[in-house]
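Accompanying notes for the structure given below.
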Amino acid sequence: MEDSIQIDSKTSNRNGGLDIFRIILCVFIIIGHMQSQSFIMDMSIKDGLCDYLFETIFGNAERTAINGFIMISSWYLIGRKFSAKRFVTTWFMVFVLNVLITILMFLSLAVPFSAVFFIQAFLPIIGRPQWYMCEYLLLLLTIPFLNRMLDSLNIRAIRLLLIIGAVFIIGSATIIPIEYTQPMFCEYIWFLYIFVLMGYCKKTNARFIKNDNNWLIIAVIAYLFIVALLLIGNITSYTNPFLGEKILAIGKYYCDHYEALPAFLCSFALFMWFKSRRVEGNKRITDIARATGTIYIIHTVPVFYWFDDFKIWENVFHISYWYEKNLLIIAMILITMIVICLGTIIFWIYEFLFSKLIINTRLVKFIIRWLDEKYQVVE
Numbered sequence: 001m002e003d004s005i006q007i008d009s010k011t012s013n014r015n016g017g018l019d020i021f022r023i024i025l026c027v028f029i030i031i032g033h034m035q036s037q038s039f040i041m042d043m044s045i046k047d048g049l050c051d052y053l054f055e056t057i058f059g060n061a062e063r064t065a066i067n068g069f070i071m072i073s074s075w076y077l078i079g080r081k082f083s084a085k086r087f088v089t090t091w092f093m094v095f096v097l098n099v100l101i102t103i104l105m106f107l108s109l110a111v112p113f114s115a116v117f118f119i120q121a122f123l124p125i126i127g128r129p130q131w132y133m134c135e136y137l138l139l140l141l142t143i144p145f146l147n148r149m150l151d152s153l154n155i156r157a158i159r160l161l162l163i164i165g166a167v168f169i170i171g172s173a174t175i176i177p178i179e180y181t182q183p184m185f186c187e188y189i190w191f192l193y194i195f196v197l198m199g200y201c202k203k204t205n206a207r208f209i210k211n212d213n214n215w216l217i218i219a220v221i222a223y224l225f226i227v228a229l230l231l232i233g234n235i236t237s238y239t240n241p242f243l244g245e246k247i248l249a250i251g252k253y254y255c256d257h258y259e260a261l262p263a264f265l266c267s268f269a270l271f272m273w274f275k276s277r278r279v280e281g282n283k284r285i286t287d288i289a290r291a292t293g294t295i296y297i298i299h300t301v302p303v304f305y306w307f308d309d310f311k312i313w314e315n316v317f318h319i320s321y322w323y324e325k326n327l328l329i330i331a332m333i334l335i336t337m338i339v340i341c342l343g344t345i346i347f348w349i350y351e352f353l354f355s356k357l358i359i360n361t362r363l364v365k366f367i368i369r370w371l372d373e374k375y376q377v378v379e
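Per UniProt numbering, the sequence shown starts with residue 1, numbered consecutively.
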């Protein structure tokens with residue numbers, strides 16, 4: 001009988017390579033949102049080859065980047081005990097930023113008052129203002145149960161569980177590219193699958209291949225497969241509209257579905273490659289990496305839905321203006337840097353105020369103490 005999975009939480013120290021990976025993922029998500037929430041989404045080769053290639057290569061990695069974030073979060077949570085402080089801190093971050101930005105938009109008259117947006121902002125989990133943060137909060141609540149499950153199962157059982165998930169989640173999403181298909185049951189199931197995968201990798205110290213640099217090659221090939229489908233579909237649509245649209249639809253499907261094999265393989269290969277890098281920790285890089293959650297929140301608040309079908313980038317940054325000036329690529333890079341800088345500053349301000357004010361209130365202390373006491377029976 002093989003050993004059960006017992007993971008030392010001390011192995012969860014920060015990895016400089018993963019911090020860099022987290023920042024790169026954040027860049028891809030911002031560019032992806034910029035592409036999908038503006039006219040850029042409808043661009044073709046006829047609109048400019050350089051602009052089209054840039055948005056096709058860098059603007060379609062958003063969902064792949066989400067996989068990377070799930071993997072990094074799971075990696076650091078493997079073997080960890082439940083932390084009420086971490087959960088409450090994250091919950092308040094989602095709550096406070098959503099409420100403040102929503103109220104600010106209402107008061108500035110940029111957005112007419114909407115009870116729906118207000119309720120969503122006040123209910124960070126039930127209202128699901130940002131689906132990723134909501135699933136992450138749920139993952140934090142179930143960490144002790146998941147870690148105990150991993151501790152109780154032997155390695156062969158974990159492998160079997162991963163194979164079952166690969167067949168019914170990754171396999172079905174890859175072989176049958178039907179629009180609107182989601183991971184079996186909900187996104188949380190996908191979080192669980194990746195959590196188990198990270199647990200297996202951490203316990204066995206699995207490398208899967210001898211040369212870690214081959215992971216980078218695998219990631220590039222997997223992503224270029226998606227890009228190739230988009231390019232071929234776009235080009236073919238001019239000579240054979242029916243065939244071109246079909247190929248383009250499959251390419252867009254694989255872009256949108258992080259559980260399909262191309263996106264999963266690309267993100268997992270990148271995770272393994274960055275994890276293997278021997279990069280010393282850098283305080284500035286770590287600070288920006290820690291702020292990526294805030295960066296995600298501030299540009300996906302539900303109140304922005306009001307901006308012409310969520311096309312906030314066109315309304316705020318006037319993307320079409322820069323396109324007409326032949327400065328679209330430069331503008332997208334600068335806007336991405338602005339969002340990252342703004343999000344990092346807001347994160348620092350929030351962290352300072354929370355640690356000095358909110359965390360010391362009686363209510364928050366009571367909630368943290370109550371949660372810690374309840375979870376003692378699990379751990």
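Backbone N, C-alpha and C define an ideal beta-carbon position, used for all residues, glycine too.
For residue i versus residue j, is the C-beta spacing smaller than 8 Å?
i           : j    : result
T174        : L261 : yes
F304        : I297 : no
I319        : S38  : yes
residue 387 : I368 : The chain is shown only over 1 to 379; residue 387 falls outside these bounds and no answer can be derived.
I101        : V301 : yes
I335        : F352 : no
I226        : C255 : yes
Y200        : L248 : no
V339        : I30  : yes
T90         : L137 : yes
A206        : L265 : no
I78         : E55  : no
L328        : D42  : no
Q158        : V196 : The sequence given here has Ile at residue 158, not Gln. Cβ distance < 8 Å, so I158 and V196 count as in contact.
M332        : M34  : yes
M133        : V96  : no
R63         : H257 : yes
In whole angstroms, what is the alpha-carbon distance linking residue i and residue j?
i    : j    : result
F87  : V378 : 16 Å
S324 : I194 : Here residue 324 turns out to be Glu, not Ser, going by the sequence shown. Answer to the nearest angstrom: the Cα atoms are 42 Å apart.
Y57  : T361 : The question names Tyr, but residue 57 is Ile in the sequence shown. If you take the alpha carbons of I57 and T361, they lie about 47 Å apart.
I288 : G343 : 9 Å
F208 : W273 : 12 Å
T284 : W75  : Per the sequence presented here, residue 284 reads as Arg, with Thr not at that position. Approximately 21 Å, taken between the alpha carbons.
A166 : V364 : 41 Å
M184 : F191 : Note on M184: pLDDT 43, under 50, position unreliable in the model; the coordinate value appears next. Using only the alpha carbons, I get a separation of about 11 Å.
C341 : F354 : 20 Å
L160 : A269 : 21 Å
E2   : L18  : Legend: pLDDT at E2 = 41, less than 50; position of this residue unreliable, value from coordinates given subsequently. Between E2 and L18, the C-alpha separation is close to 30 Å.
R80  : F117 : 35 Å
S152 : W131 : 30 Å
N15  : N282 : 10 Å
E245 : S237 : 6 Å
P144 : F82  : 6 Å
T204 : D372 : 30 Å
F21  : I170 : 23 Å
I45  : F242 : 18 Å
R148 : T142 : 10 Å
F271 : F69  : 9 Å
L123 : P112 : 20 Å
T286 : E314 : 31 Å
I155 : I176 : 30 Å
I232 : F92  : 45 Å
I164 : D47  : 44 Å
K202 : I103 : 43 Å
Please look up how many angstroms separate the CB atoms of residue i and residue j, rounded, as I've assumed it's under 8 Å.
i    : j    : result
T294 : Y350 : 7 Å
N60  : G32  : 7 Å
M71  : S276 : With a Cβ gap of about 14 Å, M71 and S276 do not count as contacting.
E135 : Y188 : 5 Å
A263 : F347 : About 27 Å; that fails the 8 Å criterion.
Is it buried or exposed for residue i, if we count other Cβ within 10 angstroms and need 16 for buried?
i    : result
W215 : buried
V27  : buried
N234 : buried
M337 : exposed
A121 : buried
G251 : buried
I330 : exposed
T239 : exposed
K210 : exposed
S73  : buried
A115 : exposed
L140 : buried
E280 : exposed
K356 : exposed
L150 : buried
A228 : exposed
Any beta carbon of chain B sitting closer than 8 Å to that of residue i?
i    : result
R148 : The chain labelled as chain B is not found in the depicted structure, where only one protein chain is given.
Cβ-heavy atom distance between residue i and the ligand ADP below 7 Å?
i   : result
I70 : Judged by which ligands are present, the structure shown has none, so any question about the ligand ADP falls away.
Which ranges does the alpha helix (DSSP H) cover as unbroken runs of at least 4 residues, wholly within the region 12-91, from first to last along the chain? 16-36, 49-58, 62-77
Of all the alpha helix (DSSP H) runs that stay within the bounds of the region 92-170, which reach a length of 4 or more residues? 115-122, 131-152, 155-165
As an exercise, report each continuous beta strand (DSSP E) stretch of at least 3 residues that is fully enclosed by the region 275-352, in chain order. none
Which runs of the alpha helix (DSSP H) spanning at least 4 residues fall entirely within the region 195-261, listed in chain order? 213-239, 241-256
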